[in-house]
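Worksheet: the structure to be examined is printed underneath.
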Amino acid sequence: MMQLNVADNMSEIVEYDTPYLPIRTRHGVLSSFYNRSASCHWHHDLEFILILEGSMNYFVDGDNYTLQKGEAIFVNSNRLHYGYSNRDDDCSFLVLLLSPKLIVRNSHIENKYIRPLLYDQQSNAVVLNEKTAWHEEALRLIRKLYETCHEQKEGYELLALSQFELLFLLLHQNTVAKHGIRKEHSKDMAAVKHMLGYIQTHFAENIGLRDIAAAGSVCRSKCCALFKNSVKKTPIEYLTSYRIQKSLEFMTNDNLNMTEISTACGFNSSSYFAETFKKIWGITPTEYRKTTNPE
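Each residue of the sequence shown is one higher than the one before, counting from 33 in our numbering.
Here it is, written out as structure tokens:
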């Protein structure tokens, strides 16, 4: 079972391919994630997801996109995002995370090209397909960049930097260079970040809808509406799902029994934990632990 390493403030703790080049390249399948959905998170890196097989839904700062085979999505820096199953389908994809610091040469480059795109609220995400000429070139660069970083042939670092610069230039030319920059930040998405962060920090405590709404400084009905739009669950459904997800981590610790795990995950009783776990996974926590830790 694959899980993202997400901090209490919902930022992903990114492990790069090498310690000297802030780039991460991965091949993934959606079925390796709990409930075929990644955790909602953000990071400073620019993200590119390229669909190899199947399809995937993708949420970025309040908007939802459906990605088909051959398409890709660019996700801008510091945007709240996650991928999840489209109609319960599986999906095979490539993911690239690239730090903007890679192409910062001096303050002139940073202020003229990099900052305008990073802070543009009209450029939270861009879906790329082969029907548009510059999209087709961007898709080609994404594939080449993945191959370059994955194969790591002699001199690949310099080649990767040049490919990233060309990719960034394409994005800049067809976003902020065309429509200018808009910096207004969505108050709703700020509230969602606060509420999800609150759940991820306080999931082990006895919290409810009122506490979650208060964390986002919104009323309970607004809280429910924001959750339905962003994570496709009610606040309590998301809280329960997150608690079950965290329980998978605790099960790797053989020193903890099921009662201790249920308490650590915020459940009032081990029986309710077992009932909820079986409802989601189809087996009991004990049965699940046996499949992951065979004797």
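From the three backbone atoms N, C-alpha and C, an ideal C-beta is built for every residue, glycine too.
Given that a residue counts as buried once 16 or more other Cβ atoms are within 10 Å of its Cβ, and exposed if not, what is residue i?
i, result
"VAL136", "exposed"
"ASN96", "exposed"
"HIS140", "exposed"
"ARG321", "buried"
"ILE315", "exposed"
"CYS251", "exposed"
"TRP166", "exposed"
"LEU190", "exposed"
"ASN67", "exposed"
"ILE83", "buried"
"ALA257", "exposed"
"ARG58", "exposed"
"HIS211", "exposed"
Check for me: the alpha helix (DSSP H) holding residue i runs from which residue to which?
i, result
"ARG321", "317-324"
"ILE174", "165-183"
"PHE200", "188-205"
"ILE244", "241-247"
"PHE282", "267-282"
"THR295", "290-296"
"PRO148", "147-150"
Grab the span of the beta strand (DSSP E) containing residue i for me, first residue to last.
i, result
"ASP95", "95-99"
"GLY86", "78-86"
"VAL208", "Note, VAL208: premise wrong, no beta strand (DSSP E); alpha helix (DSSP H) at 208-211."
"ARG137", "Careful: ARG137 lies outside any beta strand (DSSP E) and carries neither H nor E."
"THR57", "55-61"
Might you give, ordered along the chain, the residues of its own chain that have their beta carbon closer than 7 Å to the beta carbon of residue i, omitting 5 neighbours on each side?
i, result
"ILE146", "PRO132, ILE135 and VAL136"
"ILE276", "THR308, PHE309 and ILE312"
"PHE196", "LEU130, LEU134, ILE135 and LEU177"
"ASP152", "THR207, VAL208, ILE213 and ARG214"
"ALA3", "The question about residue 3 has no answer, for the chain in this structure spans 33 to 327."
"ASN118", "SER87, MET88, ASN89 and THR98"
"ALA236", "ALA296, CYS297 and GLY298"
"ASP49", "ILE55, ARG56, THR57 and CYS181"
"ASP121", "GLY86 and SER87"
So what does DSSP say about residue i, is it helix, strand or coil?
i, result
"LEU160", "strand"
"CYS123", "strand"
"SER117", "strand"
"PHE259", "helix"
"GLY229", "helix"
"HIS75", "coil"
"ILE105", "strand"
"SER69", "strand"
"TYR90", "strand"
"LEU128", "strand"
"THR308", "helix"
Report the CB separation of residue i from residue j in whole angstroms; it is logged as a contact under 8 Å.
i, j, result
"VAL127", "GLU79", "7 Å"
"PHE91", "SER262", "6 Å"
"MET221", "GLY94", "5 Å"
"LEU171", "GLU162", "7 Å"
Which same chain residues, not among the five before or five after residue i, have their C-beta less than 6 Å away from its C-beta?
i, result
"ASN108", "SER155 and ASN156"
"TYR116", "SER69 and ASN89"
Looking at chain B, is there any beta carbon in it that lies within less than 8 Å of the beta carbon of residue i?
i, result
"TYR145", "Judged by its chain identifiers, the structure shown contains no chain B, having just a single protein chain."
With respect to 7 Å, is the separation between the Cβ of residue i and the closest non-hydrogen atom of the ligand FAD below this value?
i, result
"ILE55", "As for the ligand FAD, it is missing from this structure, which has no ligand bound."
Please return the same chain residues whose Cβ sits closer than 8 Å to the Cβ of residue i, not counting the five positions on each side in sequence.
i, result
"ASN110", "TRP74, HIS75, HIS76 and LEU150"
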